[in-house]
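Notes to accompany the following structure.
Protein chains in written order, with my numbering: chain B, 12 to 346; chain C, 12 to 346.
Quick look at the structure:
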């Protein structure tokens, strides 16, 4: 039996959503626990997850390794893996990289939309690539097994991260720009560099990353995946739905504006449509993963390829990425 | 009677040093209270200053306005003005700009040696200029009366800060690169842009910024000031000694490495000379300000020019820079 893994979600977490994960057969989800939170605020968010794990042990538990995904499937639960969309949780302190990994973080974006201390976000006018601290922090992330995620980063920073990182990196949630030329989507150069280095691309269902946005068809989405597989093969591809379920629009304001401006920044939205966009009708929540599976079959992927894209690729990546450098995980990656 | 003001010091503060300030006739000093400290740590440093103000009320008090310099002179004390060498005290929060100003901060560098959330430091390989947050924060600093200081910033970021800021900015402690081509020293373009916009340049006595370093002569230093005055006139010039007195070398490690790397970074030093350099014999502490005054006379400045460079220029800048935009201070600047 294959595993179903979502490479990124950020929902207004509730028992309802955890039950939907089970209904959709989702064995593991990488959940965002920080957009702009500093270390202490991130710890508060972990505390909130600890309360959820305590309250719903029959539905969810904290995942730390690839084997936890297998355990989740065997036990009929969903493994929850922590990640950050910004390096804000490590503040200016490289020593916090190991601390957050010990607390369970498995992915960290080097930047969100703006310049960070490490790299450049896709909304800056210029991208000078990795900073001095960025290079140091990647080395430390490689050492402890915290995956570099460049989903929101700008082109040059992303290419430099792929090159500088000794271990494969991820773009957990974005689509190819050839299909939908949004600022957040990725160039062919980035996708090829990711694939050539063992990295992963998680396809996003967030409407601002979709061709025709909320009106995007399942067929168009799956055709995009097929074209990407034509380019780089199917084994670096997964899903990173970017499902932002049940949130009030104040949450998208926090994602876009954090504390960096006193003015309104619409990010991917606009004054006319400032809030969260409607999800496509064929992917409204975790129960709809089987739709994607069917869509992938319909555009010509075989069963093994569908299984790979729906989770086995992520599982292989989890197996080799989350352990310390030099441990079994990294040795496996080198074999 | 003219006023003597030092545009930057960072010493291991003690009664001895405060008595040396009095012996040197120093009416006001801009003191660094943060290199890499976050907000809470900066507040601890303010608390430490509050204890000093309480312990030595006959020697020092906290300065907040230009008039506090006049009061210091009248009362035979030294007014201490707070500043940051990095934006780390405001973390990622534009709302902290007003908070730190209320607590007494009057200068903030937009970066130290590395990339910050706002601008680029002079040790980065590339300088993309002000970030999105940098532009927002400058607007807020202009509003409340917190001076933009670009002493450690890279060229393009510095020029963009001068252009973007609605109020004059400062380079509190650096020298012209034409005299000593250190990475920290400033190009003619920066010095001219500063002067044309009412900004200030504070000449540094830190040996790494000096021609011949610790062996620099007083005459060479004062000739450098004369050549700068030839270029832009004497009214944008002051002293920013960068006096780092009585510190153990562990402090220069903190300045250079903060928490951003696990390796050794020598900054302006080297493996052969990693510690604080020796100050020139003619400027070892605050008691030696009269040496500079004599040196300036010796290279041909008249008494009024010497008074301007030794403190009157800074006092005029303090008068117009530390109040909220639209208040008397800013109106005075526009007159």
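Glycine residues also receive a C-beta, built at the ideal position from the N, C-alpha and C atoms.
Pull the bridge partners of residue 187 of chain C from the DSSP assignment, please. For the purposes of this step, residue 187 of chain C is identified with residue 176 of the second chain, where counting begins at 1. Answer by DSSP bridge pairing, in chain order: C:197.
Quick one: what's residue 164 of chain C bridged to in DSSP? On the second chain, position 153 is the one that residue 164 of chain C refers to. Residue 164 of chain C is bridged to C:132.
Given a threshold of 16 other Cβ atoms within 10 Å of its Cβ, counted over all protein chains shown, does residue 339 of chain C qualify as buried or as exposed? What you label residue 339 of chain C is simply residue 328 of the second chain in a count that begins at 1. The predicted position of residue 339 of chain C is uncertain, since its pLDDT is 49 and thus under 50; no value can be drawn from it.
Three-way DSSP call (helix, strand, coil) for residue 221 of chain B in this model: Mapped onto the first chain, residue 221 of chain B falls at position 210. Coil, per DSSP.
Against chain B, with Cβ distances strictly below 7 Å, would residue 125 of chain C count as a contact? To locate residue 125 of chain C, count along the second chain from 1; it is residue 114. Chain B contact via Cβ: present.
Quick check on DSSP: helix, strand or coil for residue 41 of chain C? Walking along the second chain from the start, residue 41 of chain C turns up at place 30. Strand.
Range of the contiguous alpha helix (DSSP H) that encloses residue 79 of chain B: Residue numbering aside, residue 79 of chain B sits at position 68 when the first chain is read from its first letter. Its alpha helix (DSSP H) spans residues 77-86.
Answer with yes or no whether the minimum CB distance from residue 139 of chain C to chain B is below 7 Å. For this step, residue 139 of chain C is matched to residue 128 along the second chain. At least one chain B Cβ lies under 7 Å of residue 139 of chain C.
Which residue wins for smallest C-alpha separation from residue 144 of chain C, given the options B:273, B:71, B:312, B:289? Within the second chain, residue 144 of chain C is the residue found at index 133, counting from 1. Ranking the options by Cα distance to residue 144 of chain C, first place goes to B:273.
Selection of the stretch 46-78 of chain B by Cβ proximity to chain C, strictly under 7 Å: 47, 49
Give the residues from the stretch 253-270 of chain C that approach chain B closer than 8 Å (Cβ to any Cβ), ordered along the chain. 269, 270
With a threshold of 6 Å on Cβ separation, who are the neighbours of residue 123 of chain C within its own chain once the five nearest residues in sequence on each side are excluded? Translated into the one-based positions of the second chain, residue 123 of chain C becomes position 112. Correct list, in chain order: 96, 97, 132, 163.
Please confirm whether residue 272 of chain B has its beta-carbon closer than 7 Å to some beta-carbon of chain C. Mapped onto the first chain, residue 272 of chain B falls at position 261. Output row for residue 272 of chain B: interface = yes.
Please report whether the beta-carbon of residue 152 of chain C lies at a distance below 7 Å from any beta-carbon of chain B. One-based indexing of the second chain puts residue 152 of chain C at position 141. It does not: the Cβ of residue 152 of chain C has no partner Cβ on chain B nearer than 7 Å.
Do the stretch 237-257 of chain C and the stretch 107-125 of chain B touch if we need at least three Cβ pairs shorter than 8 Å? no
For the candidate residues B:158, B:285, B:142, B:46, whose alpha-carbon lies nearest to that of residue 330 of chain B? As a first step, residue 330 of chain B must be located in the first chain, where it is residue number 319. Residue 330 of chain B has its Cα closest to that of B:158, out of B:158, B:285, B:142, B:46.
6 Å CB neighbourhood of residue 21 of chain C in its chain, flanking five on each side removed: On the second chain, residue 21 of chain C is found 10 positions in, with the first residue counted as 1. Closer than 6 Å at the Cβ level, and outside the excluded window around residue 21 of chain C, lie 43, 255.
Residue burial classification, residue 229 of chain C (beta-carbon count within 10 angstroms, cutoff 16): Here the question's residue 229 of chain C lines up with position 218 in the second chain. Label assigned to residue 229 of chain C: buried.
Using a Cβ cut-off of 8 Å, which residues of the stretch 180-198 of chain B contact any Cβ in chain C, in chain order? none
Cβ of residue 279 of chain C within 7 Å of any chain B Cβ: Walking along the second chain from the start, residue 279 of chain C turns up at place 268. It does not: the Cβ of residue 279 of chain C has no partner Cβ on chain B nearer than 7 Å.
Given a cut-off of 7 Å, decide if residue 334 of chain B and residue 210 of chain B are closer than it, judged by their beta-carbon atoms. Numbered from 1 along the first chain, position 199 holds the residue referred to as residue 210 of chain B. Numbered from 1 along the first chain, position 323 holds the residue referred to as residue 334 of chain B. Cβ distance not < 7 Å, so residue 210 of chain B and residue 334 of chain B don't count as in contact.
For a quick check, are the C-beta atoms of residue 225 of chain C and residue 291 of chain C less than 7 Å apart? Locating residue 225 of chain C in the second chain gives position 214, counting from the first residue. Locating residue 291 of chain C in the second chain gives position 280, counting from the first residue. In contact: residue 225 of chain C and residue 291 of chain C (Cβ atoms closer than 7 Å).
Limits of the unbroken beta strand (DSSP E) element including residue 250 of chain B: Mapped onto the first chain, residue 250 of chain B falls at position 239. Here the beta strand (DSSP E) through residue 250 of chain B covers 248-250.
In three-state terms, what does DSSP make of residue 142 of chain C? The residue labelled residue 142 of chain C in the question sits at position 131 within the second chain. Note: residue 142 of chain C maps to coil in three-state DSSP.
Cβ of residue 147 of chain C less than 7 Å from any chain B Cβ? As a working mapping, residue 147 of chain C is identified with position 136 in the second chain. Taking Cβ atoms only, chain B reaches closer than 7 Å to residue 147 of chain C, which makes this a yes.
Just the C-alpha distance for residue 116 of chain B and residue 27 of chain B, rounded to the nearest angstrom, thanks. Along the first chain, one-based indexing puts residue 116 of chain B at 105. Along the first chain, one-based indexing puts residue 27 of chain B at 16. So the two alpha carbons sit approximately 24 Å from each other.
Using the beta-carbon of each residue, which ones in chain C are nearer than 7 Å to residue 106 of chain B? The residue you call residue 106 of chain B lines up with position 95 of the first chain. Residues of chain C passing the Cβ test: 270.
Quick check on the burial criterion: 16 or more other C-beta atoms within 10 angstroms. Buried or exposed for residue 85 of chain C? For this step, residue 85 of chain C is matched to residue 74 along the second chain. That one is exposed.
For chain C, is any of its Cβ atoms less than 7 Å away from the one on residue 290 of chain B? For this step, residue 290 of chain B is matched to residue 279 along the first chain. Judged by the 7 Å Cβ criterion, residue 290 of chain B is not in contact with chain C.
Whether residue 326 of chain B touches residue 14 of chain B by CB criterion (7 Å): Here residue 326 of chain B is taken as the residue at index 315 of the first chain, counted from 1. Here residue 14 of chain B is taken as the residue at index 3 of the first chain, counted from 1. Taking 7 Å as the Cβ cut-off, residue 326 of chain B and residue 14 of chain B qualify as a contacting pair.
Residue 346 of chain B by DSSP, collapsed to three states: which one? For the purposes of this step, residue 346 of chain B is taken as the residue at position 335 of the first chain. At residue 346 of chain B the pLDDT is 41, less than 50, meaning the model places this residue with poor confidence and gives no usable figure here.
Under 7 Å between beta-carbons, which chain C residues line up against residue 103 of chain B? List them in chain order, please. Along the first chain, read from residue 1 onward, the residue named residue 103 of chain B stands at position 92. Residues of chain C passing the Cβ test: 47, 99, 269, 270, 271.
Chain B beta carbons: is any one of them nearer than 7 Å to that of residue 142 of chain C? As a first step, residue 142 of chain C must be located in the second chain, where it is residue number 131. Yes, its Cβ sits closer than 7 Å to a Cβ of chain B.
With 7 Å set as the bound, which would you pick, yes or no: does the beta-carbon of residue 344 of chain B sit closer than that to a beta-carbon of chain C? Here residue 344 of chain B refers to the residue found at position 333 of the first chain. Caution applies to residue 344 of chain B, whose pLDDT of 46 falls short of 50 and renders its modelled position unreliable; the model cannot decide the point.
For residue 17 of chain C, which of helix, strand or coil comes out of DSSP? Within the second chain, residue 17 of chain C is the residue found at index 6, counting from 1. The answer is strand: DSSP assigns residue 17 of chain C an E or B state.
Residue 121 of chain B versus chain C: which residues are under 7 Å apart at the beta carbon? If you number the first chain from 1, residue 121 of chain B lands on position 110. Per Cβ cutoff of 7 Å: no residues; residue 121 of chain B is ~12 Å from chain C at best.
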